[in-house]
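Counting with numbering that gives the first Met the number 0, you get residues 0 to 293 for the letters of the sequence shown.
Notes to accompany the following structure.
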Amino acid sequence: MEEQSCNMNTGYLESSAYKKAGRHVRPEGTVLNIGGIKIGGRGFVIMAGPCAVENEKQLLTTAREVQRKGANILRGGAFKPRSSPYSFQGLEEEGLKLLQKAKLEFGIPVITEVMDTRQVELVCKYADILQIGSRNMQNFPLLKEAGQCHIPVMLKRGMNATLDELLLASEYILDGGNEEVMLCERGIRSFETSYRNTMDLNAVPMLKRLTHLPVIVDPSHGTGHAWMVPHLAKAAMAVGADGLLIEAHYNPLKALCDGPQSLTLEAFGILMEELKALAKAMGRKLIVPENSLT
Ligand code: PEP
Ligand code: MN
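The structure is reproduced here in C-alpha cells:
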C-alpha cells in the first residue's frame with residue numbers, strides 16, 4: 000500500500016510525512032546562499048531573463064537590463080521542452096556558454112533547465128542553479144541524478160501534480176544528498192482556457208506550512224499573458240513567496256519562445272519599482288544587486 004502523507008482523521012497533509020523536506024526538519028526555514036544571494040528568510044529574490052537563450056545580443060541586452068533594474072539571478076533555457084518537435088529547441092551548449100558570458104560580464108548567477116540525465120554533467124559545468132521543469136517533476140532518474148549534484152536545484156511543480164507529489168519529488172533530490180532545493184509554483188492545468196495555466200497561489204502558504212524549502216512563484220507560465228504577470232507577481236509576494244521567476248525579453252514580439260508572456264524590459268522595470276514598495280509595506284527585503292542602477 001502507498002504510504003499516506005495526510006492525517007487520516009483530518010485529511011490534511013502533514014509536515015511529518017516528508018522525511019527531509021518537512022517543515023519539522025528545520026522549523027526556521029531553509030535559506031539558500033547562491034554566491035551571496037540568499038533565497039529564503041526575509042529576502043525576496045528575483046530571477047529574470049528570457050525563456051530561451053537565442054543569441055548573444057538577445058541574452059546580453061536582456062541580462063544587462065534586468066540586472067540594472069534589480070534582478071538577482073539570470074534565467075534562460077538552453078535545453079527547451081517544447082510541445083512541438085518543430086519549435087526552437089534551444090542552443091544547447093552554445094546557449095550555456097552565452098549564459099556563462101553574461102554571468103562573467105554582469106556578475107550575475109544563472110539558472111537554467113536540465114531535461115535529461117545525460118545533460119546533467121554538462122549543465123552543472125555552467126549553471127549556478129539547476130532548473131527541473133514542470134514536465135520532468137516526476138522524472139525519477141533525473142531527480143536522483145540532481146540529488147548527486149553539488150549545486151542548488153529549483154524543482155517546478157508539474158502542471159497536474161498535487162503538492163504531495165511535488166514534495167515527494169523533492170524528497171528524491173534531498174535523499175540523494177543534495178540539500179539545496181527550492182520549489183516553484185508555476186500554475187496548474189484547470190478547466191479555464193483564457194489563460195495558459197491557473198496560478199495556484201494557495202500552494203504558497205500551504206507549502207510554507209508543510210516544508211522548510213524556499214518557494215518561488217513563476218507568474219509568466221502561471222498566466223501566459225505578459226499583462227497579467229505584474230498582478231500575479233505582487234500577489235505572490237503578498238502570499239509569502241520567497242521570490243519570483245519572470246520571463247523578460249528585449250523584444251518579446253520577436254522571441255523564439257514564450258513571447259506573449261514575456262515582459263518588455265520597460266515593464267520589468269516598472270514591476271520592480273512596485274515590488275520594492277510592496278516589500279517595504281510587508282517587511283520583506285528585496286535584494287538589490289550592488290551594481291544595480293535603480
Ligand atoms: C520555463 O521556465 O521556461 C519552463 C519551460 O517552465 P515550465 O517547466 O514550468 O513549463
Ligand atoms: Mn518559458
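Glycine included, each C-beta is placed from N, C-alpha and C at the ideal position.
In the three-state reduction of the DSSP assignment, E112 falls in the strand class. Applying a distance threshold of 5 Å between residue Cβ atoms and the heavy atoms of the ligand MN selects C50 and D257, given in chain order.
Between the stretch 39-50 and the stretch 83-92 there are fewer than three C-beta pairs closer than 8 Å, too few to call the two in contact.
Excluding its 5 nearest sequence neighbours in each direction, G76 has C-beta neighbours in its own chain below 7 Å: C50, A51, V52, G89, T111 and E112, listed in chain order. Secondary structure note for I72: it is in no alpha helix (DSSP H), and the uninterrupted beta strand (DSSP E) holding it is I72 to R74.
Burial state of I269 is exposed, judged by a 10 Å Cβ sphere holding fewer than 16 other Cβ atoms. According to the DSSP assignment, G221 belongs to the alpha helix (DSSP H) that extends over P218 to T222.
Cβ neighbours of Q137 within its own chain (closer than 8 Å, five residues either side excluded): G157, A160, E164 and A168.
Within the stretch 171-197, the beta strand (DSSP E) runs of at least 3 residues that lie entirely inside it are, in chain order, 180-184. C-alpha of R188 to C-alpha of A266: approximately 26 Å in a straight line. Going by C-alpha positions, K207 is about 31 Å away from E64. For C5, the secondary structure class from DSSP, reduced to helix, strand or coil, is strand. A276 is positioned such that its CB atom lies no closer than 8 Å to that of K284. Counting C-beta pairs with one atom in each stretch, the stretch 214-221 and the stretch 177-187 have three or more that are closer than 8 Å, which means they touch.
Sorting H224, L274, Q260 and G223 by C-alpha distance to the C-alpha of A237 places L274 at the top. Remark: the shortest separation between the CB of K68 and any heavy atom of the ligand PEP does not fall under 7 Å. Short note on G89: C-beta not closer than 7 Å to any heavy atom of the ligand PEP. The shortest C-alpha to C-alpha distance from A240 to any of M181, H248 and V287 is the one to M181. By the Cβ rule, the stretch 11-21 does not count as touching the stretch 32-43, because fewer than three pairs are nearer than 8 Å.
By the Cβ criterion, the stretch 218-232 is not in contact with the stretch 24-39, since fewer than three pairs of Cβ atoms, one from each stretch, lie closer than 8 Å. Under the three-state reduction of DSSP, Q99 is assigned to helix. Rounded to whole angstroms, the gap between the alpha carbons of R67 and L73 is 12 Å.
Per DSSP, the unbroken beta strand (DSSP E) holding M153 starts and ends at V152 to K155.
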